[in-house]
Amino acid sequence: NAGVTQTPKFRILKIGQSMTLQCTQDMNHNYMYWYRQDPGMGLKLIYYSVGAGITDKGEVPNGYNVSRSTTEDFPLRLELAAPSQTSVYFCASSSVQETQYFGPGTRLLVL
Amino acid sequence: GQQVMQIPQYQHVQEGEDFTTYCNSSTTLSNIQWYKQRPGGHPVFLIQLVKSGEVKKQKRLTFQFGEAKKNSSLHITATQTTDVGTYFCAAGGGSEKLVFGKGTKLTVNP
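Chains as they are written, first to last, in this note's numbering: chain A, 13 to 123; chain B, 297 to 406.
Following this line, the structure appears as structure tokens:
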């Protein structure tokens, strides 16, 4: 099993550009999460999903959108990139309320 | 919403010294998890505590869950350079979300 995979690993965006961060898990987990981690800081929950077709906002959802059309995939969309969205983005998945498995992260720089 | 306070924010130790990080909540937790994030890496699950007063050990790491299930600690005996990283506690309150503490960044001087 590959676990949780994220693409791309690194991206530079110009202000106002849009992009989709991809996340895929092969553990058949119902729960998936998107976090952002600013330099030297903790994890902030952006959005999460408890199953295909169900998504909900986390602590910092503004400027982001998600969809969950399949159990495996949980893409995160940035529509109008802003410098404040410069961060490392982690996707995670879990089975019910158990261990969260994190992907390797996407490092995003908005200039 | 639920919050967990984690202290200290930073800890610098000499190799061989002990290290402890603490996690506190104002509400009773259903469980608590601990994660380690190496520099430049992603959080990796270490352990989950569920029972009141529970103590679990992993080699030099000792994890405790308070009797009231409102606090937890991670203690590392005789730190090594491989212990470097940020340690996060994450509280499970019965919902589908975990609430992460801000983490304790550990540096070890060889």
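Idealized CB from N, CA, C, for every residue including glycine.
So, with DSSP's three-state summary, where would you put residue i?
| i | result |
| --- | --- |
| SER368/B | strand |
| THR377/B | helix |
| GLN97/A | helix |
| SER30/A | coil |
| VAL16/A | strand |
| THR358/B | strand |
| ARG334/B | coil |
| THR83/A | coil |
| LYS21/A | coil |
Nearest to residue i by CA position, among the options, is which residue?
| i | options | result |
| --- | --- | --- |
| ARG63/A | ASP85/A, GLN49/A, LEU123/A and TYR76/A | Here residue 63/A is Gly; the residue named in the question, Arg, does not match the sequence. Minimum Cα distance to GLY63/A is reached at ASP85/A. |
| GLY115/A | PRO87/A, CYS35/A, TYR60/A and GLY54/A | CYS35/A |
| GLU350/B | LEU325/B, ALA374/B, GLY336/B and VAL309/B | LEU325/B |
| SER96/A | SER106/A, ASN74/A, PHE102/A and CYS103/A | ASN74/A |
| THR17/A | GLY52/A, MET39/A, ARG48/A and GLN49/A | MET39/A |
| PRO335/B | THR400/B, LYS398/B, PHE396/B and VAL380/B | VAL380/B |
| ALA14/A | LEU33/A, ARG119/A, TYR113/A and LEU120/A | TYR113/A |
| PHE341/B | PHE384/B, PHE361/B and GLY362/B | PHE384/B |
| GLN329/B | LYS401/B, GLN376/B and VAL300/B | VAL300/B |
| LEU55/A | THR403/B, SER369/B and THR382/B | THR382/B |
Does any C-beta atom of chain B lie closer than 8 Å to the C-beta of residue i?
| i | result |
| --- | --- |
| LEU55/A | yes |
| PHE22/A | no |
| THR36/A | no |
| GLY115/A | yes |
| PHE102/A | yes |
| THR17/A | no |
| TYR59/A | no |
| LEU111/A | Per the sequence shown, the amino acid found at residue 111/A is Thr instead of Leu. Yes, its Cβ sits closer than 8 Å to a Cβ of chain B. |
Could you pull the DSSP bridge partners for residue i from this structure?
| i | result |
| --- | --- |
| ASN77/A | ARG89/A |
| GLY388/B | ASN327/B and LEU394/B |
| MET301/B | ASN320/B |
| HIS308/B | THR403/B |
| ASP68/A | TYR60/A |
| MET44/A | SER61/A and SER105/A |
| LEU345/B | ILE328/B |
| THR111/A | The partner list for THR111/A (beta bridge, DSSP) is empty, contrary to what the question assumes. |
| LEU121/A | ILE24/A |
Could you check if residue i is buried or exposed, using at least 16 other CB atoms within 10 Å of its CB as the buried criterion?
| i | result |
| --- | --- |
| ALA93/A | buried |
| ASN327/B | buried |
| HIS338/B | buried |
| THR378/B | exposed |
| ALA364/B | exposed |
| GLN37/A | buried |
| THR82/A | exposed |
| LEU123/A | exposed |
| LYS393/B | buried |
| SER321/B | buried |
| SER99/A | buried |
| SER107/A | exposed |
| GLN49/A | buried |
| MET44/A | buried |
May I ask you to check if the CB of residue i is nearer than 7 Å to at least one heavy atom of the ligand HEM?
| i | result |
| --- | --- |
| ASN13/A | Looking for the ligand HEM in the displayed structure turns up nothing, as the structure carries no ligands at all. |
Shorter than 8 Å from the beta carbon of residue i to some beta carbon of chain A?
| i | result |
| --- | --- |
| LEU394/B | yes |
| GLY399/B | yes |
| GLN329/B | yes |
| PHE361/B | no |
| PHE424/B | This structure leaves residue 424/B out entirely; chain B is present only between 297 and 406. |
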